[in-house]
Amino acid sequence: MGETVSFAEVIVDLSSRNTDRVFHYAIPPDYRDKIAVGSMVTVPFGNRHLTGYVVGFGIPPGEVRIKEIAGVIDEGPVFTPELLELARWMAENYLCSTAEAFARILSPRLQVKASRRADVLVYPALAGAEMEKALSLLGRSPKQLAVLQKAAGCPGLTKSELAAAAMTSSKTVDALLKKGLLKVSAVMPAYLQDAPGDMIKTGSLTLNQDQEAALREISASLDRGRFDVFLLHGITGSGKTEVYLRAIAAALETGRQAVALVPEISLTPQMVELFRGRFGGQVAVLHSALSGGERYQEWRRVKEGQASVVLGTRSAVFAPCPRPGLFIIDEEHEPSYKQDDHMRYHAREIALKRAQLAGAVVVLGSATPSLESFSRAVSGGPYKLLKLPRRVDERPLPRVRVIDLRQEIREGNRGIFSRPLLYALNGCLERGGQAILFLNRRGYSTVVVCRECGLVLKCPRCDISLTYHLEGRLRCHYCNHLAVLPGLCPGCGSRYIRHFGAGTQKVEEEARKIFPKARIVRMDSDSTAQKGSHQKILDAFRDGLYDILIGTQMIAKGLDLPGVTLVGVINADTALHMPDFRAAERTFQLLTQVAGRAGRGGLPGEVLIQTYSPEHYSISAAAAHDYEGFYRSEMAVRRVLGYPPFSHLARLLFTHEDEEEVRKGAEKSKELLDRLVSGRNCRVEILGPAPAPLSKIKGHFRWQLVLKGRRRENIKEIIREGLAELERDRRFKVAVNVDINPQGMF
DNA sequence: AGCACGCCGACT
DNA sequence: GTCGGCGTGCTC
Numbered sequence: 001m002g003e004t005v006s007f008a009e010v011i012v013d014l015s016s017r018n019t020d021r022v023f024h025y026a027i028p029p030d031y032r033d034k035i036a037v038g039s040m041v042t043v044p045f046g047n048r049h050l051t052g053y054v055v056g057f058g059i060p061p062g063e064v065r066i067k068e069i070a071g072v073i074d075e076g077p078v079f080t081p082e083l084l085e086l087a088r089w090m091a092e093n094y095l096c097s098t099a100e101a102f103a104r105i106l107s108p109r110l111q112v113k114a115s116r117r118a119d120v121l122v123y124p125a126l127a128g129a130e131m132e133k134a135l136s137l138l139g140r141s142p143k144q145l146a147v148l149q150k151a152a153g154c155p156g157l158t159k160s161e162l163a164a165a166a167m168t169s170s171k172t173v174d175a176l177l178k179k180g181l182l183k184v185s186a187v188m189p190a191y192l193q194d195a196p197g198d199m200i201k202t203g204s205l206t207l208n209q210d211q212e213a214a215l216r217e218i219s220a221s222l223d224r225g226r227f228d229v230f231l232l233h234g235i236t237g238s239g240k241t242e243v244y245l246r247a248i249a250a251a252l253e254t255g256r257q258a259v260a261l262v263p264e265i266s267l268t269p270q271m272v273e274l275f276r277g278r279f280g281g282q283v284a285v286l287h288s289a290l291s292g293g294e295r296y297q298e299w300r301r302v303k304e305g306q307a308s309v310v311l312g313t314r315s316a317v318f319a320p321c322p323r324p325g326l327f328i329i330d331e332e333h334e335p336s337y338k339q340d341d342h343m344r345y346h347a348r349e350i351a352l353k354r355a356q357l358a359g360a361v362v363v364l365g366s367a368t369p370s371l372e373s374f375s376r377a378v379s380g381g382p383y384k385l386l387k388l389p390r391r392v393d394e395r396p397l398p399r400v401r402v403i404d405l406r407q408e409i410r411e412g413n414r415g416i417f418s419r420p421l422l423y424a425l426n427g428c429l430e431r432g433g434q435a436i437l438f439l440n441r442r443g444y445s446t447v448v449v450c451r452e453c454g455l456v457l458k459c460p461r462c463d464i465s466l467t468y469h470l471e472g473r474l475r476c477h478y479c480n481h482l483a484v485l486p487g488l489c490p491g492c493g494s495r496y497i498r499h500f501g502a503g504t505q506k507v508e509e510e511a512r513k514i515f516p517k518a519r520i521v522r523m524d525s526d527s528t529a530q531k532g533s534h535q536k537i538l539d540a541f542r543d544g545l546y547d548i549l550i551g552t553q554m555i556a557k558g559l560d561l562p563g564v565t566l567v568g569v570i571n572a573d574t575a576l577h578m579p580d581f582r583a584a585e586r587t588f589q590l591l592t593q594v595a596g597r598a599g600r601g602g603l604p605g606e607v608l609i610q611t612y613s614p615e616h617y618s619i620s621a622a623a624a625h626d627y628e629g630f631y632r633s634e635m636a637v638r639r640v641l642g643y644p645p646f647s648h649l650a651r652l653l654f655t656h657e658d659e660e661e662v663r664k665g666a667e668k669s670k671e672l673l674d675r676l677v678s679g680r681n682c683r684v685e686i687l688g689p690a691p692a693p694l695s696k697i698k699g700h701f702r703w704q705l706v707l708k709g710r711r712r713e714n715i716k717e718i719i720r721e722g723l724a725e726l727e728r729d730r731r732f733k734v735a736v737n738v739d740i741n742p743q744g745m746f
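Everything in the first sequence is counted per full-length UniProt numbering, starting at 1 for the first residue and increasing by one.
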């Protein structure tokens with residue numbers, strides 16, 4: 001590598017396919033030592049200036065007129081070689097340009113110009129015996145005492161986090177800062193680093209056998225420094241988080257960094273507190289709610305190696321750790337890890353790829369693993385299965401009863417609540433317990449169910465629930481199969497065949513009528529429009545200000561509500577009959593999670609699930625807390641129908657303001673893709689076109705094609721060529737969005 | 001993505 | 001003749 005090589009290879013920030021390659025630029029002498037692989041620069045391109053990413057150095061081929069780099073945007077490289085490789089992989093895999101992939105990877109730091117507010121983390125100013133003394137002198141101000149205790153237990157929280165943790169306002173924190181008992185610093189002070197034992201306050205100190213065994217395996221892999229994937233299958237309350245924390249500590253010991261991803265909904269102040277309590281100022285928190293400045297600050301700390309533990313949501317998977325050694329995906333089955341707007345990446349998939357590139361360990365944790373992951377962890381699959389089959393406190397799982405709503409109908413009860421649920425609610429209220437009533441988010445599309453035998457009309461070809469449209473027409477959103485709503489149920493001849501969907505308001509109304517004295521609160525996206533009110537309702541409920549909480553998905557996840565002794569699922573079928581091949585899996589996950597909400601305190605819990613399909617395996621298996629039973633049943637179904645994990649799917653979503661235009665566009669694409677498929681004789685099936693389940697959003701009509709094939713490569717190839725051809729055709733005005741392995745069809 | 005270049009129709 | 005439609009191809 002001689003001095004003569006001084007042309008930078010630059011990828012310009014354009015998303016077009018034909019500019020997705022390197023362009024060579026001369027490096028002016030002033031910039032020579034400022035530009036490295038990973039630098040962000042501005043370059044003249046055509047007749048304007050664009051930002052570009054330096055991906056290497058080399059000699060331009062033949063007769064091209066070379067221009068000079070116009071400027072360097074940031075002081076240092078914005079991505080590591082590992083992330084550069086990741087960007088290339090993403091471009092290849094998600095059918096986008098490299099520049100778009102970079103935009104995703106770097107999005108957490110895009111607002112560079114935003115205020116660079118110094119990161120204020122609060123630490124106790126004293127340690128050890130001096131701290132004890134200070135605490136004993138604070139007898140007359142309980143709030144300050146609480147804050148100082150918290151600060152000692154969890155050094156390195158931000159001011160507002162600390163205030164929240166001690167259940168007070170930031171004024172109390174300010175008072176202690178003024179007294180000099182707390183201080184502000186960007187890194188953990190040395191006197192605290194010497195006493196890490198003091199920091200281990202939260203969580204259990206001793207691991208049970210299963211946790212110990214799991215940790216041992218993970219640590220062994222970390223020591224070897226090799227790419228390994230573990231699936232940590234632990235029932236609710238089995239102490240997965242403690243295993244994560246120990247694994248992170250083990251990763252740090254090898255001198256590498258750890259990234260822990262949690263679903264949006266679990267990134268609560270308590271979660272942050274738990275991590276900061278263990279790792280103090282080494283923790284960087286990355287999530288979408290941070291302001292540009294805060295996010296940049298955290299990003300910077302990670303990149304510079306000051307923060308070696310990253311806790312965050314989906315996009316934190318791109319954290320610029322210098323040498324990542326461990327990626328943890330908590331609740332790996334959560335669909336929220338899949339981006340649903342622009343580039344549809346899956347954070348789990350990205351983590352796996354990054355780990356492979358960096359020789360790092362991945363831990364996927366869940367009580368209800370996705371079939372994709374579990375199938376890779378059984379019988380000699382590439383993942384290693386680690387099981388936590390027991391709860392840490394040895395408390396039994398709640399008793400789950402399945403209530404047959406068909407029986408209720410037969411016996412003349414057409415109300416929302418079954419008699420067993422009413423009875424249980426009554427008992428619960430009388431004993432002074434708390435209850436949660438859970439409704440699945442109302443289906444976007446309406447599904448037809450027989451209220452007498454529970455039969456659901458499904459597509460004969462795709463096994464997807466048919467959805468109800470105008471004038472009694474039923475439609476499959478995968479293949480566009482059409483049927484007419486029968487007057488009588490084809491299963492049992494009943495007249496009670498209709499589409500359904502009771503909202504949370506309806507349940508609330510009904511509950512108030514039946515239990516006029518009960519204090520009832522509702523929580524859904526309508527009632528919790530403004531930020532924070534969410535948490536307020538939950539706090540109030542936890543404090544016992546309400547008896548019954550009625551809500552949707554959002555109350556199902558990860559909440560610890562010790563007073564709850566009864567959980568009622570109003571209608572398990574809304575989830576079961578979503579027009580999606582994953583409906584059964586979602587239902588099982590949801591019910592398991594909901595059931596995990598009951599009996600978290602000292603009192604035993606009870607769960608009642610109302611359904612028209614009591615014999616469906618995803619309901620009976622959830623009731624029996626039997627993941628593996630569910631897994632076997634569902635895998636059999638997927639195999640027969642050729643759905644993932646036995647195949648790969650892709651969805652092409654076509655959108656346009658004009659309905660006719662989208663339909664024609666989708667149909668034209670279908671013909672084109674069919675031609676490509678038969679031309680290369682690969683086994684890819686193309687379903688549709690059909691209107692998307694949400695057929696119109698913000699004035700844009702939506703149609704879709706679903707591609708299904710054994711090999712992902714084949715699907716990608718077909719789409720790549722199809723898109724290229726469509727792009728060449730300038731008359732084609734319809735926007736196309738590609739989603740490889742979609743998580744849902746909405 | 002922009003922008004120029006170029007090859008056809010209907011207009012001062 | 002020439003103004004302007006948009007199909008085609010290029011940008012270090």
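We put the beta carbon where it would ideally sit given N, CA and C, even for glycine.
Treat the numbers as computed from the prediction; the structure is a model and nothing was measured.
Residue range of the unbroken alpha helix (DSSP H) whose run includes Val147: Membership of Val147 in the alpha helix (DSSP H) is indicated by the continuous run 142-153.
Tell me whether the beta-carbon of Val567 lies closer than 7 angstroms to the beta-carbon of Arg597. Pairing Val567 with Arg597 gives a Cβ-Cβ distance under 7 angstroms.
Could you tell me how far apart the beta carbons of Cys453 and Cys476 are, in whole angstroms, since I believe they sit closer than 8 angstroms? Going by Cβ atoms, the distance from Cys453 to Cys476 rounds to 21 angstroms, so no, they are not a contact pair.
Residue range of the alpha helix (DSSP H) that includes Met271: Residue range 269-279 is occupied by the alpha helix (DSSP H) that includes Met271.
Under the rule that 16 or more other beta-carbon atoms within 10 Å means buried, what is Gly679, buried or exposed? Gly679 counts as exposed, since fewer than 16 other beta carbons sit within 10 angstroms of its beta carbon.
Three-state secondary structure (DSSP) of Lys201: Because Lys201 sits at a pLDDT of 44, beneath the cut-off of 50, its placement in the model cannot be relied upon, and the following sentence gives the value as read from the coordinates. In this structure, Lys201 counts as coil in the three-state DSSP scheme.
With three or more beta-carbon pairs closer than 8 angstroms as the criterion, would you say the stretch 134-153 touches the stretch 86-93? Segments in contact, no.
My output table needs one value for Pro61: the three-state DSSP class, helix, strand or coil. In this structure, Pro61 counts as coil in the three-state DSSP scheme.
Pull up the distance between the alpha-carbon of Ile619 and that of Glu411, whole angstroms please. Cα-Cα distance, rounded: 22 angstroms.
Sequence-distant residues of the same chain with beta carbon closer than 6 angstroms to Ile200, five excluded per side: Low confidence applies to Ile200: its pLDDT is 45, below 50, so where it sits in the model is not reliable enough to give any reading.
Mark Glu212 as exposed unless 16 or more other C-beta atoms lie within 10 angstroms of its C-beta, in which case mark it buried. Exposed, by the Cβ-count rule.
With DSSP run on the structure shown, which of helix, strand or coil describes Asn571? Correct three-state label for Asn571: coil.
Between Val402 and Ala623, which are expected to be in contact by the criterion C-beta below 8 angstroms, what is the C-beta distance as a whole number of angstroms? Yes, they are in contact, since the Cβ atoms of Val402 and Ala623 sit about 5 angstroms apart, within 8 angstroms.
Would you tell me roughly how many angstroms separate the C-alpha atoms of Ala735 and Lys696, rounded to the nearest one? For Ala735 and Lys696, the distance between alpha carbons rounds to 14 angstroms.
By Cβ distance below 6 angstroms, which residues in the same chain neighbour Glu372 in space, the five residues on each side in sequence not counted? In the same chain as Glu372, and ignoring 5 residues on each side of it, the C-beta atoms closer than 6 angstroms to its own belong to Pro645, in chain order.
Restricting to Cα atoms, I'd like to know which of Asn480, Gly312, Arg498 is closest to Pro486. By alpha-carbon distance to Pro486, the top candidate from Asn480, Gly312, Arg498 is Arg498.
Just to confirm the assignment: which complete alpha helix (DSSP H) runs, minimum length 4, are found wholly within the stretch 271-357? Correct list: 292-303.
Reducing DSSP to helix, strand and coil, say where Phe654 ends up. Here Phe654 sits in strand by DSSP.
Three or more beta-carbon pairs under 8 angstroms between the stretch 279-294 and the stretch 303-310, yes or no? Counting C-beta pairs with one atom in each stretch, the stretch 279-294 and the stretch 303-310 have three or more that are closer than 8 angstroms, which means they touch.
Quick check: the Cα distance between Ala26 and Lys67, rounded to an integer number of angstroms? Rounded to the nearest angstrom, the two C-alpha atoms are 6 angstroms apart.
Candidates Leu439, Ala99, Ala129: which alpha carbon is nearest Leu549's? Considering only alpha carbons, the answer is Leu439.
Which first and last residues belong to the beta strand (DSSP E) in which Arg401 is found? For Arg401, the enclosing beta strand (DSSP E) stretches over residues 399-404.
Pick out whichever of Asp547, Arg542, Arg663 has its Cα sitting closest to the Cα of Glu430. Answer by Cα proximity: Asp547.
Where Phe646 sits in the DSSP three-state scheme: When DSSP states are grouped into helix, strand and coil, Phe646 belongs to the coil group.
Based on the DSSP secondary-structure assignment, which residues constitute the bridge partners of Ser266? Ser266 is not bridged to any residue.
What residues in its chain sit with their C-beta under 6 angstroms from that of Arg348, if we drop five residues either side in the sequence? Result list for Arg348: Ile329, Glu332, Tyr337, in chain order.
Quick one: is Lys513 buried, meaning 16 or more other Cβ sit within 10 Å of its Cβ, or exposed? Burial call: exposed.
Taking a contact to mean a Cβ-Cβ separation below 7 angstroms, would you say Val317 touches Leu261 in this structure? Yes; because the gap between Cβ atoms is below 7 angstroms, this pair is in contact.
Who does Lys458 pair with in a DSSP beta bridge? Answer by DSSP bridge pairing, in chain order: Ser465.
Nearest to Ala103 by alpha carbon, out of Lys183, Ser375, Ser15, Tyr123? The shortest Cα separation from Ala103 among Lys183, Ser375, Ser15, Tyr123 belongs to Ser15.
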